[in-house]
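Step one of this worksheet: look at the structure below.
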Amino acid sequence: MMTMEKTYQIVLILLLYTINLSLSVHLTDIQIPEYADIRDIVTLSCSYRMGRNKLNSVKWYKDDREFFRYAPLMDQQISTWTVVGITLYSENPYRCNKTTCSVSLDNLSSMSSGIYRCEISADAPSFTINFSDQRMTIVALPRHDPIIQGLNPIYSMDEMLEANCTTASYPPAVIIWHINGILMTAERAQLTQYEIQLDIRDLQVRSRTMEIQYRIASRGQLFLKCTADIELLNVKRQTSELVYIRKIEKMSNLRLINSAYLS
75 MMTMEKTYQI VLILLLYTIN LSLSVHLTDI QIPEYADIRD IVTLSCSYRM
125 GRNKLNSVKW YKDDREFFRY APLMDQQIST WTVVGITLYS ENPYRCNKTT
175 CSVSLDNLSS MSSGIYRCEI SADAPSFTIN FSDQRMTIVA LPRHDPIIQG
225 LNPIYSMDEM LEANCTTASY PPAVIIWHIN GILMTAERAQ LTQYEIQLDI
275 RDLQVRSRTM EIQYRIASRG QLFLKCTADI ELLNVKRQTS ELVYIRKIEK
325 MSNLRLINSA YLS
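Numbering of the sequence shown is given in my numbering, commencing with residue 75 and proceeding in unit increments.
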C-alpha cells in the first residue's frame, strides 16, 4: 500500500516535470535528407515546442555558416545570407511559424553537401537555445530502370547471345546480370564494362554499360535480368527480358522437308 509520503513524492516529481516542460524549449523534430538528388528541390524542416517562452529566432546553417533566419519579433522577419552551395527555391523558399520552420533549396551542386543545422532560441528572460544537425550528401539517382539493348527475340542452340545493360548514377552503380536466376560471373559468360562521364552541374555522373556474351546451351527460354545496385544508397533498379530458343528438331525436320521438295 502506497504511503502518503510516497504519493507526495510522486506528485512532486510530476509537478516539477510539468513545470520544466512548460518552461523548456524543445526541438521536437528535424527533417534533413541523408541523400538528395542534384536535380531535385529539397526541403529542410524543423519543428519545435516553446513552452511558455516566446520564439526569438530560427536559424539555418550549412557547415556553421548561417544562410537563413526567421525572427518573428523583428520588423524584418526574414534574413538570408550568401553561402556557397545554397540557393533558396524562388517559388516557395520558406515556410515558418510558431511551431515549424522549413526552407527549400534549388540548383543543388556538389557544394550543397554538408552538415545542416536548425537552431531555435527563446526570447527574454531565458534566451534558451536548442539545435540539431544532420549531414546531407548530394547524389544522382538513376532516373529509370536499367536499359537492356541488343537482344533478339529468338535464338538457336549454341548461338552467342550478346546484350548491353546501361544505367547512369552517382555514386556509380554495380551492374549485375542474371540468366534464369543464375548470377553471371566470368566463369559463365564474358562480361565487359564500359563507362563514360556525364556532368550534371559540377557532379560527375557515371554512365556504365555491362556487355554480356553468353553461349546458349539449353532449350526453351532464357529469362535475363539486369540489376543496377548502389549499395551506399541502398538503391536497386532492375530490368528483365525474356528470349526464346528454337527447337533444333523442328528446324532439322524443316530442312529435310525443304530438301525433299526441291529435289
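The C-beta atom is built at its ideal place from N, Cα and C for all residues, glycine as well.
- Item | Separation of residue 241 from residue 298, as counted between CA atoms | Near 16 Å, if we compare the C-alpha coordinates of residue 241 and residue 298.
- Message: Does residue 147 come out as helix, strand or coil in the three-state DSSP assignment?
- Response: In the structure shown, residue 147 sits in coil (DSSP, three-state: anything other than H, G, I, E or B).
- Message: Please report the straight-line C-alpha distance between residue 318 and residue 270, rounded to a whole angstrom.
- Response: Taken atom to atom, the span from the alpha-carbon of residue 318 to that of residue 270 is near 32 Å.
- Message: Distance check for residue 137 and residue 160, CA to CA, integer angstroms please.
- Response: Taking the straight line from one Cα to the other gives about 11 Å.
- Item | 6 Å CB neighbourhood of residue 203 in its chain, flanking five on each side removed | 195, listed in sequence order.
- Message: What ranges does the beta strand (DSSP E) occupy inside the region 103-191, keeping only unbroken runs of at least 3 residues that lie completely in it?
- Response: Counting whole runs of 3 or more residues, the region 103-191 contains the beta strand (DSSP E) stretches 109-111, 116-123, 129-136, 139-144, 152-154, 168-170 and 174-179.
- Item | Three CB pairs or more closer than 8 Å across the region 239-254 and the region 204-221 | Flag = yes, the region 239-254 and the region 204-221 touch.
- Message: Between 186, 267 and 228, which has its C-alpha nearest residue 275's C-alpha?
- Response: The candidate whose alpha carbon is nearest that of residue 275 is 186.
- Query: Ends of the beta strand (DSSP E) at residue 213?
  - Reply: Counting along the chain, the beta strand (DSSP E) containing residue 213 begins and ends at 203-213.
- Query: Which term fits residue 155, buried or exposed, when burial requires 16 or more other beta carbons within 10 angstroms of its beta carbon?
  - Reply: That one is exposed.
- Using 10 angstroms around the beta-carbon of residue 171, count the other beta-carbons present and answer buried if the total reaches 16, otherwise exposed. Result: exposed.
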